[in-house]
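Protein chains in written order, with my numbering: chain A, 1 to 164; chain B, 1 to 164; chain C, 1 to 164; chain D, 1 to 164; chain E, 1 to 164; chain F, 1 to 164; chain G, 1 to 164; chain H, 1 to 164.
Dropping the structure here:
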C-alpha cells in the first residue's frame, strides 16, 4: 500500500519514542513510511524528501525532534501538507526547549504540535488518522472504533482499588 | 455554503484574537462558522455542539482558550474530527498556562496546538486549510497560492534598510 | 455510611498517589467513594456522575489529574459543590502543566488547588474535612485532634541529631 | 449579620484586587469582614486574629498575598477552618512566586488555591460560598442562581461578531 | 560556649542537607544550636523561639525550608537579627518553589538567601561566619584561612587530566 | 563618618533602583558610600576596590546587577566581608536571569540574595543594618525602631475600605 | 569593500533590533551586508545564500530570529563558517522561546548564541569582530580600542549621584 | 604545537563533561590546553591567565561553568579573544541557571554560548574550529571533512527499524 503518512525523526535514537505512534497507525491500518532525516546534518536531503512527499502520495507528515527542534518547522517550510510536530523530552529542559522550538512557528507556516511525553507520538498518529478520515472513510471508522474502545476501557474499572 | 471549519472560543472577548484566523479562511474561500461556547460555564451546550459537528458537515474544529484552557481538549473529547488548539496569551503567565493546558493532552485524545501569540490564529486557519486540502483540491490550491505569495513577499525586499 | 467525599481520578494508575489522601479520610472517619472517570476518554460518564453527586449526598469532590489536567475543572463545570484539585506530577514538566491546568480556572468556576507532590492528596483530604467540619462537628473535632497530633510530633524531637 | 467569611490581605494596596471577590459575596448575600493583617510586619496580630476566628463565627478564610506570599499559609497554621489562598500577580514574576508560595504547602496544613489574575478573587469568593452552602442552604441556592446566570450569559450571544 | 548561630529547619528530614553547613561552622569554631521548628505545624513554638533568640545570645539565624518555604520569612518576622534562608530542593519544582518563597520577601523583612543545591547550606554557614566576623575577630580570621585554603586547593591541580 | 556599607552597581542607570535602599540607610543613620564599578567593563578596578574595602572600614557590601549579574559574585570572590546581592529586574526575563546569576553561587563564596523588585534594595539595606547591629548597638536600636514603626503602620488601618 | 560579515534576519521588522549591531560594525570599520531571508517562508533562497557565503568572502554570519527561531540553526546547517545567533524577544515568552530554539542546537552544528535583549545585537557584532580579529589585525586593534573606551567610560563617573 | 584553544573550567569535576569537546579538537588536529581556574575561588589567577592568553598564542577561549556560571563572562572581561561559554547542567535547575548566567552578558562583553547538555562541549569545540578556520586553512578543511562525515552518517540509515 502507498504510504499516507510519513514519520520523520532527526536521529535513529528517536525511534523508540516514535514507535508507539507507528503502532497506533498499524492498529488503524494506515500505511506509513519512516525516515531518519536531519534538519541540521542533512538539510538538503530533508528538503528533497519533503518537497517530493505530496506527489508520492503522502497526505500527513509527522516530525519529531528535541532541543532546538527544527525538523518539524523545516519540513513545514517545504510543503503544504499538514505537518504534525512531536516534541521529544530532553535531559536538560525536559522538552520545554523542544516544545517551544516546535509550537512557536511564525505566521504562515503551521505545525500542529502534540504533547511532550508518552502521549505525544500516540496522539500525533491519532491526529494524522483523524485528518486522513476526512477523505478516507475507512480510516475515520477505524478511529471511531479506537475511541469507542478507549471509552469502554476507561469505564471498565470504575473503582481503582479492585484487583486488575 | 456549508461550513467546513468551526471556530470556537470560550468568550466573546477572544474574537479579536481569532479574527485574523477567520480572515485567512476568507482569503482561502473556506466556509466556516464561529461560536462562543464555554467548556466551564456551558459544558452541556459545548458537548451537544461538538457531538453534532461531524454530521453537520464540519471537517475541522479550531478552539481557542486561555488560562486553564480546557475548550480544545473538551471539544476533542466529544469528536473524532481533527481539533486544533489556539492558546490565548494571558496577563499572568503570558500564555504558558494556556499552552500547557492545551498541548499536554493525554494519550488518545489529540489536539494539534499552534503558537501562543499573533501567529496562532493565522496558523490554525492555515493548518485547517492544509487538512481540508487532502479532500478539497480547490482548498489545496488556495493554500499553495497563499504560500507562494508568502515566499514572494519574503523575497521582495532583501535589504531591510530600503524604504518600504 | 453515605459517602460525603468523592475522590475522582482520570486513570487507575493515579490511585497510588491518591491513596495517601484516602487514608487521611479513613483516619478522620470521613466516608468517601473513589471513581476512575476520565474527562477526555469518558466525558459523558463524568458529567453524569458529577451532576448526580449533590443529590447522592456528596458534599466535597476531590479530583486529581496530570498534564492537561482537565478533570477537576470539568467536574467543577457540572456542580456547585466545592471541588478540590490535586495536580499530579508529570515526567515532562514535573507537574507545572498539571498545576497551571487546574489552578488557572476562569472566573465563575472555582477549583481549590493543593500542592504538586506528596503533600497534595493529604492536604486535599484535610481541606475536604475542614470544609465538612462546618456542618459535621465530629469531623471538625477529628481535624482538631489530627492537627494537635501534628503539632505534638513536630515538637517531639527538637534536635534533629538525636537518634530517632 | 455575623460575618461568615474573613477576607485577609497583607496590605491596603491589595484591596482593589480583592474587591471583586467581596462584590461576589455581596451578590450572594454572604456576610464577611475584611482585614489588613501582615504575616511579616504584624505576625502576632495575625496569629491572634486567626486563632479567634472560629469562635467568632467565621467559617471560611480568604487570604491574598503576593511575592513570598506567606499570609494564607501562616493563617492556615493557626486555624482548622478552611483557608483559601489568592496569589496576587507581581511585577517581577507575574505571580509565579505568589502561586508557588501559596499552593506548595507542606503536608498537614492545606490552603485551597485559586488562580493568579482577575479570576482569583472572584473564584475564592465563589468557592467560599460553595463551602458555606453545605451548611447554609440559602447560600447554596444563591450559588446555584449565580451559576445558572453564568450559563445563560455564556449562551446569550453564540456569535461573537454580533453587536453587543 | 554560648551558641552564636541558630540553624532551624521545618523537619528532621532536612538535617542531612543542613549538616554540611553545620560542619563548616565546626571547622570555623563557631558555636551553634540546631532546632526543628515548623512554621506551619508549630507556629507558636517557632515564634517563641525566635523572639527569645537575641536575648539568648544568638547573632545570626539560618533557616532552611522547601516548597512553600515559610520558615525563614516567618522567623525574620519575629526578630531583627539577620536571617539567612536556605531553599531546599523539592521533587516537584527542583526548589524553584522554595527559592521564590524565600527570596521574594516583602519590603521591611529581609531574608538573605543562598543557593538551591549543595552549595546552599555551606554558603549560609560561611555568610553567617562573615557576619559574625565584624564583631568576633577570631571568626573573621577563621573565615580568612578557610578562603585561603579554598584558593590553594583551586590552584593545586591546574590540569584536570592529571591523576587526583 | 567613615562609611560602613558600600553600595555597588554596574551602571549609573541602576542608581534609581538602588536609591530606595540608600534612603533606608540614611533613615537608620548608617554611613555608606556608592560606586559604579563594572565586573565586565572594568574588572580590575572592581577587584582593587573590593580588596581594599575591609581595610578602609567597610563592613558590608551591597552589590546590584541585572542579566548575567556577575557583580555581587565577583565582589564576593575578592573579600570575606558579607556581600548582599540585589537582582535587578530585566526587560527580557523579568530578573529571573539576574536572580539565578546571583543566588546560585558555588560552595565557598556566599552572596546573601534579596528579592527581585521594589523590596530588594530596601531589604538589602535593612539586612546590612541588621548585620551591623551585631557590633554597633545604635544601628541595632535604629533597626528595632524601624521595625516597630512598620508594625504600627501595618496595624493602623485594619479595614482597607476606610479613607486613607 | 567586500563584506566580511553577513547579518541575516527573518523579517524586515527585525531590522530596528539589529541596527545597533550594524552600527558597532560601522564603528569598527568591519564591512558587512544585510539580508532579509526567512527559514520558513523562503527556505531555498536562504540555503542558496548561505551555501554561497564562504566563496563570496563572508567570514562570519550573524542571524537573528524570534519564536521558533530556526534561522540561525538552518543557516549553520548550510555552512562551516561561524554562525552567531541573536534571539529576539517575543511578546509571548519574552524571548525564552527564541533563546532555547537557537542555543539548544544538536551536536555537530554549532550556533554561538548571545543575549536576549538590547545587548544581543551589539555583542553579536563585537563577537564577530573578535573572530575576525584573529586574521585581520586592524579589526583586532579596533576591538581593543572599543574595549578600552568601554572601560574608560565605566570608570568616568564612579558616583552615580553626580550630575551627568 | 602551540595551543590555539584554551579550555577552562571552574572545577576538576567538570572535566568529564568537557572531555568530549577536547576529543573533537583532537580529531580536528587543533592544539589546545586545559586549565582548572575558578572565577570565584581564584579570581586573580584567572585574570592573570586570561590576560596573558593572547600573547601566548591562544586564539579562542572555551569556558564552562554551572550555577551562577561566571567563568565565561569573567574571562571575557579580561580579553578581546572570542570566548565561548558552555553552560553545565546543574542538579537544581537543569542548567537554566548556568545558561542565563552565561548568555545574558551585558553590552560590550560578548560570550558565544552553546547548548546545555551533551551537545554543548562538542559544539563549543566545533565553533572554535570554525573560528580558527578563518585564519588556518587546514582547520577549515578539517571542519569541512567532519561536517561531510556527519552528513554521510545521518544519511546512512534512513530507516530506523533496520538493524544497526
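Ideal Cβ positions, reconstructed from N, Cα and C, are used throughout, including at glycine.
Beta-carbon proximity of residue i to residue j, cut-off 8 Å
| i | j | result |
| --- | --- | --- |
| residue 111 of chain D | residue 98 of chain D | no |
| residue 18 of chain H | residue 64 of chain H | yes |
| residue 59 of chain F | residue 81 of chain E | no |
| residue 46 of chain E | residue 146 of chain E | no |
| residue 103 of chain F | residue 114 of chain E | yes |
| residue 157 of chain A | residue 105 of chain G | no |
| residue 42 of chain D | residue 66 of chain D | no |
| residue 33 of chain A | residue 69 of chain A | no |
| residue 84 of chain A | residue 142 of chain A | no |
| residue 86 of chain E | residue 120 of chain E | yes |
| residue 107 of chain A | residue 118 of chain B | yes |
| residue 53 of chain D | residue 61 of chain D | yes |
| residue 55 of chain A | residue 160 of chain H | no |
| residue 135 of chain B | residue 135 of chain A | yes |
Local Cβ density within 10 Å of residue i, reported as buried at 16 or more and exposed below that
| i | result |
| --- | --- |
| residue 10 of chain F | buried |
| residue 92 of chain B | buried |
| residue 14 of chain F | buried |
| residue 95 of chain H | buried |
| residue 16 of chain C | exposed |
| residue 72 of chain G | buried |
| residue 2 of chain C | exposed |
Identity of the residues DSSP links to residue i by a beta bridge
| i | result |
| --- | --- |
| residue 85 of chain D | D/63 and D/113 |
| residue 33 of chain B | B/6 |
Rounded distance between the beta-carbons of residue j and residue i, thought under 8 Å
| i | j | result |
| --- | --- | --- |
| residue 35 of chain D | residue 4 of chain D | Going by Cβ atoms, the distance from residue 35 of chain D to residue 4 of chain D rounds to 15 Å, so no, they are not a contact pair. |
| residue 21 of chain G | residue 122 of chain G | 6 Å |
| residue 154 of chain F | residue 38 of chain D | 5 Å |
Chain K within 8 Å of residue i, Cβ atoms only
| i | result |
| --- | --- |
| residue 122 of chain A | No chain K appears in the structure shown, which is made up of the protein chains A, B, C, D, E, F, G and H. |
Practice item. Anything in the region 56 to 70 of chain E with a Cβ closer than 9 Å to a Cβ of chain D? List those residues in chain order, please. Key: 65, 66, 67, 68, 69 and 70
Review point. Mind listing which residues of the region 76 to 110 of chain E have their C-beta closer than 8 Å to chain H's C-betas, in chain order?
Key: 89, 94, 95 and 96
Check your understanding: Name the residues in the region 22 to 38 of chain F whose C-beta lies less than 7 Å from a C-beta of chain G; which are they?
Key -> 34, 35, 36 and 38
Exercise for review: May I ask you to list, following chain order, the residues of the region 111 to 144 of chain D that have a beta carbon less than 8 Å from some beta carbon of chain C?
Suggested key: 111, 112, 113, 114, 115, 116, 117, 118, 119, 122, 123, 124, 126, 127, 130, 131, 132, 133, 134, 135, 140, 143 and 144
Exercise for review: Give, in chain order, every residue of the region 39 to 51 of chain D whose Cβ lies closer than 8 Å to some Cβ of chain E.
Suggested key: 39, 40, 41, 43, 44 and 47
Practice item. Give the residues from the region 5 to 24 of chain H that approach chain F closer than 9 Å (Cβ to any Cβ), ordered along the chain. Key: 10 and 11
Point to revise | the region 148 to 159 of chain F: positions lying closer than 7 Å to chain D by Cβ | key: 150, 151, 154, 155, 157, 158 and 159
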